[in-house]
Amino acid sequence: MISKKVANVQEALKGVADNMTFMFGGFGLSGIPENSIAELVRLGVKGLKCISNNAGVDDFGLGLLLQGKQIDKMTSSYVGENDEFERQMLSGELEVELIPQGTLAERCRAAQAGFPAVYTPAGYGTEVAEGKETREFDGKMYVLEYAFKADFAFVKAWKGDEAGNLIFKGTARNFNPNMCGAAKITVAEVEELVPVGTLDPNQIHIPGIFVKRIFQGERYEKRIEQRTVRQRD
Amino acid sequence: MLDKNGIAKRIAKEVQDGYYVNLGIGIPTLVANYVRDDIEVEFQSENGVLGMGPFPFEGEEDADIINAGKQTITTLPGASFFDSATSFSMIRGQHVDLTILGAMEVAENGDIANWKIPGKMVKGMGGAMDLVASAENIIVAMMHTNRAGASKLLKRCSLPLTGVGCVKKIVTNLAVLEVTANGFKLLERAPGVSVDDIKNATEGTLIIEDDIPEMNL
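If you're matching them up, the sequences are chains A and B in order.
FYI, in our numbering the residues of the first sequence are 96 to 328.
FYI, in our numbering the residues of the second sequence are 6 to 222.
Printed below as a string of structure tokens:
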């Protein structure tokens, strides 16, 4: 067994530096790598280029890095519900590249799978496709989108073992599996780090080969963005 | 004239047995409340769930189970979770039968704009560009006019586009319309709404053939 286990978040984030490109799993605040984000805030690294579907809220998730003006550029599909983000974007402090959500997922998967680029129909004929190569296949137009290049991918899983195998829970899975192995170094934090041999190999979502470092996360807040309920009859 | 729930109720009649359906945020989300209960339908949410159920009871919310609007939800028997790339494989690969989404503008050639108002609002397109570029069956749910009273059914969209030539059907508070090669073809009127009311609220080319029936809700 090749061990990917590191003692703590400090060890897991060794090598992060100013001006790097990072990927972050999560959809809204669901399945975000809370511990890694908190450590990046503590380290104070700046000039970051971040790839993440969303940008958190003002006081949680990637919003914490925005508050400290640590991010220079965001590549996302949806960035609502964040006043500080909007302020920095409109003032020009923050560069923002908005791309279709499926394209974001596929640019991660392409990086993970060794494809330099993929053709997608999403965005054809819109400003998203401006300046990009297009091509017709069977009478339909497609846009060429390049695989991401990133220094670190920070993902969060439900359970993991020392070998780096990961299992996700519910919709907290989202972009996390697609980002594993899509950057030079993939750091996985898990709610429960178990001994090898405990997880059923049939149930593994991401094999450990895609993970470089794994650590036991602490004090998950798992904040709910839109609490919606129904009444009991 | 219909309210938002009325629009959702009318669109629910388009949902057929065996359909996998993607519902956008806003009015489309309400459609789930009105689908006949004698047919089998599964709702897909692009953040990674198929077989979405109703909101959870109070105290049973789970931060790990949400929809694309980031609302807490439940799942129904037979549901599945998956990653974002798989989710968009369902959408891009045309495995989803019906897509229902909102819009700021629709043009008579089927173009749609719903993600950006330059200088005012830039929240992003989320999954909308993937959905409209691939779905074969797209219904737009929206009010016929904007808050200022201007038509949202136009000759040409003025806002940045989400997709080109993709909308097939539109259900508004006033009417049901089909996008054809020659413009918006009026199919049905909302209760209490006249053909003239619809004409006055439509900037794009409106095709009116024979008598236009009132919606059967």
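No residue lacks a Cβ here, since even glycine has one placed at the ideal position from N, Cα and C.
Exercise for the section: Using beta-carbon positions only, say whether B:Val-40 and B:Val-111 come within less than 8 Å of one another. Expected result: Stepping through the second sequence from its first residue, residue 40 of chain B is reached at position 35. Stepping through the second sequence from its first residue, residue 111 of chain B is reached at position 106. The Cβ atoms of B:Val-40 and B:Val-111 do not sit closer than 8 Å to each other.
Exercise for the section: Give the single residue among A:Ala-150, A:Leu-157, A:Cys-145 and A:Ile-146 whose Cα lies nearest to the Cα of A:Asn-130. Expected result: What you label residue 130 of chain A is simply residue 35 of the first sequence in a count that begins at 1. Taking A:Asn-130 as reference, the option from A:Ala-150, A:Leu-157, A:Cys-145 and A:Ile-146 with the minimal CA-CA separation is A:Leu-157.
Practice task
Find out if the Cβ-Cβ distance for the pair A:Phe-310, A:Ala-107 is shorter than 8 Å.
Solution key: Numbered from its first residue, the first sequence carries residue 310 of chain A at position 215. Numbered from its first residue, the first sequence carries residue 107 of chain A at position 12. Cβ atoms of A:Phe-310 and A:Ala-107: closer than 8 Å.
Practice task
Check whether the stretch 131-150 of chain A touches the stretch 170-186 of chain A, counting contact only when three or more Cβ pairs, one atom from each stretch, lie closer than 8 Å.
Solution key: Contact between the stretch 131-150 of chain A and the stretch 170-186 of chain A is established, with three or more Cβ pairs separated by less than 8 Å.
Handout entry: Between the CA atoms of B:Ile-105 and B:Gly-168 - distance to the nearest angstrom
Key = What you label residue 168 of chain B is simply residue 163 of the second sequence in a count that begins at 1. What you label residue 105 of chain B is simply residue 100 of the second sequence in a count that begins at 1. Answer to the nearest angstrom: the Cα atoms are 14 Å apart.
Problem - Distance, B:Leu-7 Cα to B:Val-145 Cα - result: Counting from one through the second sequence, the residue named residue 145 of chain B turns up at place 140. Counting from one through the second sequence, the residue named residue 7 of chain B turns up at place 2. Near 15 Å, if we compare the C-alpha coordinates of B:Leu-7 and B:Val-145.
Problem - B:Pro-218 versus B:Ser-199 - alpha carbon distance - result: As a position in the second sequence, residue 218 of chain B is number 213, starting the count at 1. As a position in the second sequence, residue 199 of chain B is number 194, starting the count at 1. B:Ser-199 has its alpha-carbon roughly 10 Å from the corresponding atom of B:Pro-218.
Handout entry: Coarse secondary structure for A:Ser-131, derived from DSSP in three states
Key = Here residue 131 of chain A refers to the residue found at position 36 of the first sequence. Residue state for A:Ser-131 is assigned as helix, using DSSP reduced to three classes.
Practice task
Indicate the three-state DSSP secondary structure (helix, strand or coil) for B:Arg-97 in the structure shown.
Solution key: Taking the second sequence and counting its residues from 1, one reaches residue 97 of chain B at position 92. Helix at B:Arg-97.
Exercise for the section: Specify the secondary structure class of A:Asp-175 as computed by DSSP and reduced to three states. Expected result: The sequence position of residue 175 of chain A within the first sequence is 80, counting from 1. This sequence places Gly at residue 175 of chain A; Asp is not what is there. Three-state DSSP puts A:Gly-175 in coil, outside helix and strand.
Practice task
Could you tell me whether the Cβ of A:Ala-212 comes closer than 8 Å to any Cβ of chain B?
Solution key: As a first step, residue 212 of chain A must be located in the first sequence, where it is residue number 117. Not a single C-beta of chain B is nearer than 8 Å to the C-beta of A:Ala-212.
Practice task
Ignore the nearest five residues each way along the sequence and tell me which others in A:Glu-200's own chain have a CB closer than 7 Å to its CB.
Solution key: Residue 200 of chain A sits at position 105 when you count from the first residue of the first sequence. Correcting the residue type first, residue 200 of chain A is Ala in the shown sequence and not Glu. Around A:Ala-200: Phe-270 and Asn-273.
Problem - Cβ-based contacts, 9 Å cut-off: residues of the stretch 262-286 of chain A near chain B - result: Along the stretch 262-286 of chain A, the positions whose C-beta sits under 9 Å from a C-beta of chain B are Phe-263, Lys-264, Gly-265, Thr-266, Ala-267, Arg-268, Asn-269, Phe-270, Asn-271, Pro-272 and Asn-273, read in chain order.
Problem - Range covered by the alpha helix (DSSP H) that runs through B:Gly-188 - result: The count along the second sequence starts at 1 and reaches residue 188 of chain B at position 183. It is not in any alpha helix (DSSP H) - B:Gly-188 instead sits in the beta strand (DSSP E) that spans 188-194.
Problem - Pairwise C-alpha distance: B:Gly-23 and B:Ala-195 - result: As a working note, residue 195 of chain B is residue 190 in the second sequence. As a working note, residue 23 of chain B is residue 18 in the second sequence. When only Cα atoms are considered, B:Ala-195 and B:Gly-23 end up about 28 Å apart.
Problem - Member of B:Gly-107, B:Gln-21 and B:Asp-43 whose CA lies at the smallest distance from the CA of B:Leu-35 - result: Looking up residue 35 of chain B in the second sequence gives position 30. When each option's Cα is compared against that of B:Leu-35, the closest is B:Gly-107.
Problem - Neighbourhood of A:Met-96 by C-beta, 8 Å cutoff - its chain only, sequence neighbours within 5 removed - result: In the first sequence, the residue the question calls residue 96 of chain A occupies position 1. Within the same chain, A:Met-96 has close Cβ partners Glu-257, Ala-258 and Val-291.
Exercise for the section: Just grab the DSSP bridge partners of A:Arg-325 for me. Expected result: As a first step, residue 325 of chain A is located in the first sequence; it is residue number 230 there, counting from the start. DSSP, once it has assigned bridges, lists B:Phe-62 as partnering A:Arg-325.
Problem - DSSP beta-bridge partners of A:Gly-292 - result: Within the first sequence, numbered from 1, the residue matching residue 292 of chain A stands at position 197. Beta-bridge partners of A:Gly-292 (DSSP): none assigned.
Practice task
Could you check what DSSP says for A:Gly-197 in three-state terms: helix, strand or coil?
Solution key: To locate residue 197 of chain A, count along the first sequence from 1; it is residue 102. Of the three classes helix, strand and coil, the one that applies to A:Gly-197 here is helix, per DSSP.
Practice task
Return the CA-CA distance between B:Phe-87 and A:Phe-119, expressed in angstroms with no decimal places.
Solution key: Looking up residue 87 of chain B in the second sequence gives position 82. Looking up residue 119 of chain A in the first sequence gives position 24. For B:Phe-87 and A:Phe-119, the distance between alpha carbons rounds to 17 Å.
Exercise for the section: State the beta-bridge partners of A:Lys-235 as determined by DSSP. Expected result: If you number the first sequence from 1, residue 235 of chain A lands on position 140. Its beta-bridge partners are A:Phe-232.
Exercise for the section: Give, in chain order, every residue of the stretch 51-78 of chain B whose Cβ lies closer than 9 Å to some Cβ of chain A. Expected result: Those would be Glu-51, Asn-52, Gly-53, Val-54, Pro-59, Phe-60, Pro-61, Phe-62, Glu-63, Gly-64, Glu-65, Glu-66, Asp-67, Ala-68, Asp-69, Ile-70, Ile-71, Asn-72, Ala-73, Gly-74, Lys-75, Gln-76, Thr-77 and Ile-78, in chain order.
Handout entry: CA-to-CA distance, B:Asp-67 to A:Gly-276, given in whole angstroms
Key = Counting from one through the first sequence, the residue named residue 276 of chain A turns up at place 181. Counting from one through the second sequence, the residue named residue 67 of chain B turns up at place 62. C-alpha separation (whole angstroms): 28 Å.
Problem - A:Ile-280 to A:Gln-165 span [Cα, whole Å] - result: As a working mapping, residue 280 of chain A is identified with position 185 in the first sequence. As a working mapping, residue 165 of chain A is identified with position 70 in the first sequence. Taking the straight line from one Cα to the other gives about 20 Å.
Problem - CA nearest to the CA of A:Gly-303, picked from A:Glu-181, A:Asn-260 and A:Ser-98 - result: Numbered from its first residue, the first sequence carries residue 303 of chain A at position 208. Comparing Cα-Cα distances from A:Gly-303 to each of A:Glu-181, A:Asn-260 and A:Ser-98, the minimum goes to A:Asn-260.
Practice task
Measure from the C-beta of B:Gln-172 to each C-beta in chain A and report whether the shortest distance is under 8 Å.
Solution key: Along the second sequence, read from residue 1 onward, the residue named residue 172 of chain B stands at position 167. Reading off the sequence, residue 172 of chain B comes out as Val, not Gln. The C-beta of B:Val-172 comes no closer than 8 Å to any C-beta of chain A.
Problem - For A:Thr-221, the first and last residue of its enclosing alpha helix (DSSP H) - result: Locating residue 221 of chain A in the first sequence gives position 126, where the first residue counts as 1. Per DSSP, A:Thr-221 is not a residue of any alpha helix (DSSP H), being assigned neither H nor E.
Problem - Selection of the stretch 127-144 of chain B by Cβ proximity to chain A, strictly under 9 Å - result: Flagged, chain order: Val-127, Lys-128, Gly-129, Met-130, Gly-131, Gly-132, Ala-133, Met-134, Asp-135, Leu-136, Val-137, Ala-138 and Ser-139.
Practice task
Taking only the alpha-carbon atoms, compute the straight-line gap between A:Lys-254 and B:Leu-81 and give it to the nearest angstrom.
Solution key: Here residue 254 of chain A refers to the residue found at position 159 of the first sequence. Here residue 81 of chain B refers to the residue found at position 76 of the second sequence. Looking at the two C-alpha atoms, the distance is approximately 24 Å.
Problem - Beta-bridge partners of A:Lys-251, as assigned by DSSP - result: As a first step, residue 251 of chain A is located in the first sequence; it is residue number 156 there, counting from the start. Per DSSP, A:Glu-284.
Exercise for the section: Using beta-carbon positions only, say whether B:Ile-203 and B:Ala-180 come within less than 8 Å of one another. Expected result: Taking the second sequence and counting its residues from 1, the one referred to as residue 203 of chain B is at position 198. Taking the second sequence and counting its residues from 1, the one referred to as residue 180 of chain B is at position 175. Yes, they are a contact pair.
Problem - Same chain, Cβ closer than 6 Å to A:Lys-168, five either side skipped, listed in chain order - result: Walking along the first sequence from the start, residue 168 of chain A turns up at place 73. Apart from sequence neighbours up to five positions away, the residues of its chain that approach A:Lys-168 with a beta-carbon distance below 6 Å are Lys-144 and Glu-190, ordered along the chain.
Problem - Coil, strand or helix - B:Ile-143 by DSSP - result: Counted from its first residue, the second sequence places residue 143 of chain B at position 138. DSSP places B:Ile-143 in strand when its eight states are reduced to three.
Problem - Limits of the unbroken alpha helix (DSSP H) element including B:Arg-4 - result: Residue 4 of chain B is absent from the model: chain B starts at 6 and stops at 222.
Handout entry: Simplified DSSP state of A:Gly-265, which is helix, strand or coil
Key = For the purposes of this step, residue 265 of chain A is taken as residue 170 along the first sequence, with counting starting at 1. Here A:Gly-265 sits in helix by DSSP.
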